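Heads up, the sequence shown is in the working numbering, so the first residue is 1 and it goes up one at a time. Structure first, then comments.
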Amino acid sequence: MKLKVLQPSLWSIWLSGFILIGLSIYATQNLPTFDKDPPKNNKFNDNGPRIAIFTAPGPFTGSLRSRQSLAIRSWLGLSPQITVVLFSQDPSVVDFAANFGSRLLVEPNIDFTFLGTPFFHSMVARAQAFTSDISVLIDPETILLSDFISTVNYAYKIEHDWLLVASSRNVSNFPFYLSDDGKYWLRKDGKRVTTREFQEIFDQSLQWNLCEGRMLMAWNSRELPLHNGVLPPFLYGKGIHNSWVISEASSCGFRFVFDASWTISSFSLNDPDHLSNQSGAGSPVSDADKRSWESIGNSHLGTLYGSSFFLEVDYSVQAKLSKCDGQHLFVNTTEGNVYPVIYERLSSWKGKILHPWRLKKLMACVDHNKSLNRKLDCSLTDQLKPLTPLDFPFSLESLLSVIADKNKTIVLAVAGYSYRDMLMSWVCRLRRLRVTNFLVCALDYETYQFSILQGLPVFSDPSAPSNISFNDCHFGTKCFQRVTKVKSKIVLQILKLGYNVLLSDVDVYWFRNPLPVLYTFGPSVLAAQSDEYKVTGPINLPRRLNSGFYFARSDSSTIAAMEKVVKHAAMSGLSEQPSFYDTLCGEGGSNRMGDNRCVEPETNLTIHFLDRSLFPNGAYLGLWQKKNVRRACGKKGCLVLHNNWISGRLKKLERQILSGLWAYDIGTRMCMQRWHRTRLTSIF
1 MKLKVLQPSL WSIWLSGFIL IGLSIYATQN LPTFDKDPPK NNKFNDNGPR
51 IAIFTAPGPF TGSLRSRQSL AIRSWLGLSP QITVVLFSQD PSVVDFAANF
101 GSRLLVEPNI DFTFLGTPFF HSMVARAQAF TSDISVLIDP ETILLSDFIS
151 TVNYAYKIEH DWLLVASSRN VSNFPFYLSD DGKYWLRKDG KRVTTREFQE
201 IFDQSLQWNL CEGRMLMAWN SRELPLHNGV LPPFLYGKGI HNSWVISEAS
251 SCGFRFVFDA SWTISSFSLN DPDHLSNQSG AGSPVSDADK RSWESIGNSH
301 LGTLYGSSFF LEVDYSVQAK LSKCDGQHLF VNTTEGNVYP VIYERLSSWK
351 GKILHPWRLK KLMACVDHNK SLNRKLDCSL TDQLKPLTPL DFPFSLESLL
401 SVIADKNKTI VLAVAGYSYR DMLMSWVCRL RRLRVTNFLV CALDYETYQF
451 SILQGLPVFS DPSAPSNISF NDCHFGTKCF QRVTKVKSKI VLQILKLGYN
501 VLLSDVDVYW FRNPLPVLYT FGPSVLAAQS DEYKVTGPIN LPRRLNSGFY
551 FARSDSSTIA AMEKVVKHAA MSGLSEQPSF YDTLCGEGGS NRMGDNRCVE
601 PETNLTIHFL DRSLFPNGAY LGLWQKKNVR RACGKKGCLV LHNNWISGRL
651 KKLERQILSG LWAYDIGTRM CMQRWHRTRL TSIF
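In structure tokens, the structure reads:
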């Protein structure tokens with residue numbers, strides 16, 4: 001009886017509960033999105049999002065020091081959450097950064113040209129690997145005001161991945177200065193500058209840096225990439241890298257792309273005596289030559305990468321961020337719609353138009369901004385003239401004067417296009433070891449083009465053979481014989497110009513810089529790697545001199561002996577390697593002295609066969625077959641390891657890559673750094 005009485009009550013309670021649950025779900029689903037918390041990885045901390053600003057300054061000297069210093073101090077003064085990273089290898093930049101503590105960092109471990117100009121794609125990759133909530137790329141002379149912080153804070157609350165761009169203005173007359181702590185702009189009388197005074201300055205300067213390099217780009221650091229595909233190796237400040245990124249980001253649709261030029265007050269001071277974005281350390285090469293080489297290189301990226309973008313592009317950002325009536329607004333540039341920005345989900349914008357009277361008022365404000373004569377779409381058609389041949393303006397002599405170290409020594413590599421990836425791995429390894437005095441001799445026009453686009457100091461040899469096989473140019477082939485004879489002629493030419501030469505094949509992996517050891521050999525000594533594979537016994541046996549790694553000084557004995565080698569090789573049907581041994585050590589080893597030397601009697605040149613524990617060849621002790629090649633070589637104290645005694649280009653590449661002795665990311669065309677997320681693309 002009690003159960004029968006309770007049943008209606010229980011059903012009533014259950015029914016009420018279901019109704020309440022339904023109402024709760026309904027109410028939750030209909031709450032406005034700005035009442036919801038931002039995504040978990042988009043939450044503010046107490047001081048706002050962490051912002052990392054990246055730039056590549058020039059040397060801190062003269063008036064450039066003043067302008068760059070002012071800009072950087074203006075950034076740091078905006079928020080304690082800002083960290084600035086300077087991409088540079090210049091000592092003056094390091095000295096400047098030392099005055100600001102941990103909030104101003106110098107990053108030298110990206111890719112630079114041999115003239116010191118950073119590669120834009122390497123800058124972007126480093127920025128993406130940096131731990132921050134928002135990443136910003138900006139010109140080193142662009143000054144930011146406080147509305148930069150309010151704008152990126154608004155953008156940070158968007159529940160979507162985004163890319164923000166903003167053009168800066170050129171200002172000729174700027175009578176204000178920054179307080180010591182960088183937080184306030186002051187007049188000459190020491191009083192703070194008002195917003196109206198800033199506006200008066202901007203109203204007088206209607207010049208915008210539209211399609212130039214001085215454009216700010218910022219993005220939230222989340223999972224989605226900025227664009228699809230591989231960013232070409234643009235030189236920072238020399239080409240159309242900003243337009244490329246904006247166009248690709250807009251077309252791929254990974255991120256919401258918008259122009260915040262109307263809400264971010266950014267400007268640079270005009271200086272007719274300074275050419276913008278001339279990053280890099282000083283050198284004896286003229287600025288005219290520097291610009292010519294770098295401009296030529298960037299104009300040919302379309303040919304290298306085969307992208308239709310380089311033919312004609314008009315990029316239009318998806319929306320513009322404007323500040324009217326005290327609030328930030330997104331303006332759809334094609335439909336003329338206006339949306340409030342605060343916390344709005346981008347997916348919910350469609351059809352969310354404001355009331356007509358409100359829309360009319362805000363569009364009037366937007367139209368006023370448009371009246372600034374800004375053309376937001378940058379056509380690149382006029383910038384890309386018909387391609388001209390890649391004529392490098394530097395002679396061998398001028399390159400030597402720039403590249404050689406204080407001992408007048410250069411490291412020479414000779415390579416053809418089939419070995420371009422191994423060449424770059426060799427270059428990247430030398431860069432990691434801070435060896436900058438290397439020079440590349442291109443055996444073909446393709447290698448010459450490739451090296452220019454990779455920022456290498458390169459020259460072409462007109463006497464090099466033109467019919468070099470891509471896959472069939474390994475040891476013992478006719479192609480190999482023709483190629484090797486070029487190397488000794490180039491070395492002789494450089495020696496006669498007064499420079500010492502360390503000739504290193506690109507399949508020689510450098511664990512450490514061997515030059516300090518090689519310098520211990522005095523004049524009239526040619527130090528060469530031994531090709532002997534037996535563990536015991538003499539290492540100067542007949543034809544065991546390896547002509548792929550040797551150090552030659554520019555002295556009379558060495559030059560005379562090298563002339564004999566070149567002459568002998570020209571008459572031989574073999575490669576140059578037998579000519580080295582037969583000429584210097586005598587046929588059958590008649591000029592041998594002990595177990596590791598030879599003396600050429602006519603020139604009195606001593607040939608020293610290098611210790612194989614320090615300079616092992618590819619067959620010695622089976623080092624390449626060890627499970628951990630690096631560790632095995634480390635125990636022996638190896639300075640270098642030659643990847644020879646193996647036949648075939650593909651087998652050589654496979655062995656070196658699988659061993660871990662590889663320093664180049666083929667997919668991104670960048671040197672692999674400790675921070676680099678490696679993405680090796682198959683090349684076999």
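Using N, Cα and C, we set each Cβ at its ideal position, and we do this for glycine too. Model, not experiment: these values are computed from the prediction.
The way I'd put it, the stretch 150–170 does touch the stretch 257–267; three or more beta-carbon pairs between them come closer than 8 Å. Judged by beta-carbon spacing, Pro140 lies beyond the 8 Å limit of Ser92, meaning their Cβ atoms are not closer than that value.
Phe615 is not a Cβ neighbour of Val599, given a cutoff of 8 Å.
If the five residues before and after Ala632 are omitted, its C-beta is found closer than 7 Å to the C-beta atoms of Leu623, Lys626, all from its own chain and listed in chain order. Following the DSSP letters along the chain, one finds Arg169 inside the beta strand (DSSP E) bounded by residues 169–171.
Each residue's CA atom was taken as its position, placing Tyr419 and Lys651 some 12 Å apart. A direct Cα-Cα distance of roughly 23 Å separates Gln454 from Ile246. Beta-bridge partners of His608 (DSSP): Ala527, Arg597. A residue is called buried when at least 16 other Cβ atoms come within 10 angstroms of its Cβ; Asp111 meets this threshold and is buried.
Contact between the stretch 492–506 and the stretch 540–554 is present, with at least three C-beta pairs closer than 8 Å. Restricting attention to Asp147, Glu159, His568, Lys489, the CA atom closest to the CA of Arg222 is found in Glu159.
For Ser92, the enclosing alpha helix (DSSP H) covers residues 91–97.
Under the three-pair Cβ rule at 8 Å, the stretch 142–161 does not count as touching the stretch 116–123. Using a C-beta cut-off of 8 Å, the stretch 567–576 makes no contact with the stretch 530–542, since fewer than three inter-stretch Cβ pairs fall below that distance. Between the stretch 222–235 and the stretch 171–181 there are fewer than three inter-stretch CB-CB distances shorter than 8 Å, so the stretches are not counted as touching. Proximity of the stretch 404–411 to the stretch 433–448 meets the contact definition, three or more beta-carbon pairs being nearer than 8 Å. Rounded to whole angstroms, Arg592 and Leu526 show a C-alpha spacing of 14 Å.
The three-state secondary structure of Glu446, taken from DSSP, is helix. Looking at the DSSP output, Arg553 bridges to nothing. Excluding its 5 nearest sequence neighbours in each direction, Glu563 has C-beta neighbours in its own chain below 8 Å: Leu492, listed in chain order.
With 16 or more other CB atoms across the displayed protein chains lying within 10 angstroms of its CB, Asp90 is buried. In this structure, Ala125 places its C-beta atom within 8 Å of the C-beta atom of Met670. Within the same chain, and ignoring the five residues on either side of Phe96 in sequence, the residues whose Cβ sits closer than 6 Å to its Cβ are Phe60.
The C-alpha of Thr583 is placed about 55 Å away from the C-alpha of Val85. Taking Tyr581 as the centre and dropping the five residues before and after it, the same chain places the C-beta of Arg543, Leu545 closer than 6 Å to its C-beta, in chain order. Apart from sequence neighbours up to five positions away, the residues of its chain that approach Ala619 with a beta-carbon distance below 6 Å are Tyr533, Trp645, ordered along the chain. In this structure, the CA atom of Ile494 is about 45 Å from the CA atom of Ser268.
C-alpha of Pro601 to C-alpha of Gly594: approximately 15 Å in a straight line.
Around the beta-carbon of Arg674, fewer than 16 other beta-carbon atoms lie within 10 Å, marking it exposed.
For Phe148, the secondary structure class from DSSP, reduced to helix, strand or coil, is helix.
Gly637 and Asp181 have their C-alpha atoms spaced approximately 51 Å apart. The beta carbon of Gln81 sits closer than 7 Å to the beta carbons of Asn47, Gly48, Pro49, Arg50, Ile51 from its chain, once the five residues preceding and following it are set aside; these are given in chain order.
Scanning the stretch 177–258 from its first residue to its last, the whole beta strand (DSSP E) runs of 3-plus residues come out as 215–220. Within the model, the alpha-carbon separation for Gly634 versus Leu430 is close to 18 Å. One Cα belongs to Leu137, the other to Ser79, and the distance between them is close to 17 Å.
Judged by DSSP secondary structure, Ile53 falls within the beta strand (DSSP E) whose first and last residues are 51–55.
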